[in-house]
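Chemist: Residue numbers (my numbering), protein chains in the order written: chain H, 122 to 378; chain W, 69 to 254.
The C-beta atom is built at its ideal place from N, Cα and C for all residues, glycine as well.
Just so we're clear, the structure is a prediction, and the values are computed from it rather than from any experiment.
Pasting a structure below so you can have a look.
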Amino acid sequence: MKAMSCKDYAALLDDLVDGTLGGEARRRVEAHLETCAGCRGTTADLRRIREAARSLPRVDPPADGWSRLSAGLDRAGRPGLVAAPSPAREARGASGFATWRPAWGFLAAAAVLAIAVATTLLLYRTTPAGDRAPAAGQAANAASADLVSSVETELQLADQHYQKAIAGLEQVWKEGQGTVDPQTAAVLQKNMGIIDQAVRESREALRAQPTSEAAQETLFEALRRKVDLLKDMVALVNEMRKGNQAGAAQIVSGIER
Amino acid sequence: MSPSNPVAVIGGDRDVVARCLGGDRDAFEGIYRQHAGRLYNLAFRMSGGANDADDLLQEIFLQAYRKLDSYKGDASLGTWLYRLAVNLCLDRLRSRQGRMDRVTDSIDEDDAPEVAAAGRPAELNVTRLDLERAVGELPPSYRAAFVLHDVEGYQHDEIARMLDITEGSSKSLLHKARRRLRALLG
Numbered sequence: 122m123k124a125m126s127c128k129d130y131a132a133l134l135d136d137l138v139d140g141t142l143g144g145e146a147r148r149r150v151e152a153h154l155e156t157c158a159g160c161r162g163t164t165a166d167l168r169r170i171r172e173a174a175r176s177l178p179r180v181d182p183p184a185d186g187w188s189r190l191s192a193g194l195d196r197a198g199r200p201g202l203v204a205a206p207s208p209a210r211e212a213r214g215a216s217g218f219a220t221w222r223p224a225w226g227f228l229a230a231a232a233v234l235a236i237a238v239a240t241t242l243l244l245y246r247t248t249p250a251g252d253r254a255p256a257a258g259q260a261a262n263a264a265s266a267d268l269v270s271s272v273e274t275e276l277q278l279a280d281q282h283y284q285k286a287i288a289g290l291e292q293v294w295k296e297g298q299g300t301v302d303p304q305t306a307a308v309l310q311k312n313m314g315i316i317d318q319a320v321r322e323s324r325e326a327l328r329a330q331p332t333s334e335a336a337q338e339t340l341f342e343a344l345r346r347k348v349d350l351l352k353d354m355v356a357l358v359n360e361m362r363k364g365n366q367a368g369a370a371q372i373v374s375g376i377e378r
Numbered sequence: 069m070s071p072s073n074p075v076a077v078i079g080g081d082r083d084v085v086a087r088c089l090g091g092d093r094d095a096f097e098g099i100y101r102q103h104a105g106r107l108y109n110l111a112f113r114m115s116g117g118a119n120d121a122d123d124l125l126q127e128i129f130l131q132a133y134r135k136l137d138s139y140k141g142d143a144s145l146g147t148w149l150y151r152l153a154v155n156l157c158l159d160r161l162r163s164r165q166g167r168m169d170r171v172t173d174s175i176d177e178d179d180a181p182e183v184a185a186a187g188r189p190a191e192l193n194v195t196r197l198d199l200e201r202a203v204g205e206l207p208p209s210y211r212a213a214f215v216l217h218d219v220e221g222y223q224h225d226e227i228a229r230m231l232d233i234t235e236g237s238s239k240s241l242l243h244k245a246r247r248r249l250r251a252l253l254g
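Here is the structure:
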């Protein structure tokens, strides 16, 4: 068997220091250390680093941590709904300890979404109810528009994509909501009201800080949630029109979750 | 040795989350009070300073609040929060350093050169401040492996699950992190 070199032993030294090396491997490493000053020194250093790491003092979170967080939550609405950027991130801005997501990311996402919504509505139109959503077709066409360089314009474009997609879905819902029992429709409208509130608050936050990446992200997250809910509502109308009570119940259950 | 995680009473966690989702702010404050200390220490060691750690802690809990409806109770709430926190810290570190590579990308980097025995003190003198400064110079993925294993006491299988990498990758990252630290401290 070929003799092991110091390089071969290098990874095993970590296991030895961590106490996870046993049996024959451990005996071989220990035998090597008796004759190799270099690896012995490395092992000693690794032990010191490990011990120092374990000895690092615990630190306490800031005393006002909860009150700061609570203020942020006030603007975040209900759990699971995004409505406001973190105060910390707002204070530090995009150049601080925050992720910068270019505005074209929103535009691209909005364009993809518009196409997805258009597809949803196209499928919907294949039902006997006929043609119901001209706005969504416009949204899909708009998705192919050239990207422009201005961040502000791109954000406006992304917003427009969402608005067109939402308008198309709302039109379908308006026409078909009579097929849904009033109690379910009321719950869906209530949920939509919560999301609309989040959208309004996000717009206000973005107006106050137009360049805040967090505020942009928050608005588009709220818009995405609105589109998701509307898509579920349209799917519900579809199932009701088909008389598929089980499918409708599954959708309602998914919305409730 | 694993760190002393909060007792994983998943049924209880589900109840608390359900209360939060129902709008019970006191329930969410309870979650904050129970887990803020552990998550703050992680954020502090990963970011290297109190200011960034303060911001990170806020972000961790805001993100948790936003994502509470995705907690399915497969793991304890503490584990769910910790994993969310680790990945948020890594994202922020990478963003700050302009590195958008995946965790495993760094595995193929060359090892730091071994410190020659000659020309350096016979024994490495590791002070707290020196170690903290050196940890701050580690690439994000090295730092995550070192902080989670050597500072926080997690095992490689746990780190692998948290970072969504293999156990072997976790060992490799730790190995390289320690060699880099040795070079920095030598």
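1) Residue 287 of chain H to residue 105 of chain W, Cα distance in whole Å?
2) Once DSSP output is grouped into helix, strand and coil, what is the label at residue 289 of chain H?
3) I believe residue 202 of chain W touches residue 252 of chain W by the beta-carbon criterion, under 8 Å. Please report the beta-carbon distance rounded to the nearest angstrom.
4) Please state if the CB of residue 250 of chain W and the CB of residue 372 of chain H are separated by a distance shorter than 8 Å.
5) Answer yes or no: does any C-beta atom of chain H fall closer than 8 Å to that of residue 40 of chain W?
6) Using the beta-carbon of each residue, which ones in chain H are nearer than 8 Å to residue 192 of chain W?
7) Tell whether a beta-carbon distance below 8 Å holds between residue 124 of chain W and residue 156 of chain W.
8) Kindly list, in the order they appear in chain W, the residues whose Cβ is closer than 8 Å to that of residue 135 of chain H.
9) Does residue 180 of chain H get closer than 8 Å to chain W when you measure Cβ to Cβ?
10) CB residue 121 of chain W to CB residue 100 of chain W, shorter than 8 Å?
11) How long is the line joining the alpha carbons of residue 316 of chain H and residue 133 of chain W, rounded to whole angstroms?
12) I need the straight-line Cα distance from residue 370 of chain H to residue 298 of chain H, nearest angstrom please.
13) Pairs of beta-carbons, one from the region 232 to 250 of chain W and one from the region 210 to 221 of chain W, closer than 8 Å: are there three or more?
14) The alpha helix (DSSP H) spanning residue 125 of chain H covers which residue range?
15) I'd like the span of the alpha helix (DSSP H) that includes residue 175 of chain H, first residue to last.
16) Can you tell me where the alpha helix (DSSP H) with residue 137 of chain W in it begins and where it stops?
17) Look at the alpha carbon of residue 174 of chain W and the alpha carbon of residue 292 of chain H, and state the distance between them as a whole number of angstroms.
18) So, with DSSP's three-state summary, where would you put residue 179 of chain H?
19) Within 8 Å (strictly less), CB to CB, does residue 109 of chain W reach chain H?
20) Closest to residue 154 of chain H by CA distance: which of H:193, H:125 and H:362 is it?
21) Could you work out which residues of chain W lie near residue 187 of chain H, taking near to mean beta carbons separated by less than 8 Å?
22) If you follow the alpha helix (DSSP H) that residue 360 of chain H is in, where does it begin and where does it stop?
23) Identify the contact partners of residue 219 of chain W in chain H, using a Cβ-Cβ distance below 9 Å as the criterion.
24) Is residue 220 of chain W helix, strand or coil when you go by DSSP?
25) Exposed or buried, which one is residue 127 of chain W when buried takes at least 16 other CB atoms within 10 Å?
26) Would you say residue 165 of chain W lies against chain C (beta-carbon separation less than 8 Å)?
27) Just curious, the alpha helix (DSSP H) that residue 184 of chain H is in, first and last residue?
28) So which residues on chain W does residue 197 of chain H lean against when the C-beta distance must stay under 8 Å?
Modeler: According to the structure shown:
1) 42 Å
2) helix
3) 4 Å
4) no
5) A query on residue 40 of chain W cannot be resolved here, the shown segment of chain W reaching from 69 to 254 and no further.
6) 165, 166, 169 and 170
7) yes
8) 239, 242, 243 and 246
9) yes
10) no
11) 16 Å
12) 15 Å
13) yes
14) Element bounds for residue 125 of chain H: n/a, residue is neither H nor E.
15) 158 to 175
16) Per DSSP, residue 137 of chain W belongs to no alpha helix (DSSP H) and is neither H nor E.
17) Since pLDDT at residue 174 of chain W reaches only 45, below the 50 mark, its modelled position is unreliable, and the value read off the structure follows with that caveat. Spanning the two alpha carbons is a distance of roughly 50 Å.
18) coil
19) yes
20) H:125
21) 97, 100, 101 and 104
22) 334 to 363
23) 174, 175 and 177
24) coil
25) buried
26) The structure shown contains no chain C; its protein chains are H and W.
27) Taken as a continuous stretch (DSSP letters only), residue 184 of chain H belongs to no alpha helix (DSSP H), as it is neither H nor E.
28) 130, 133 and 134
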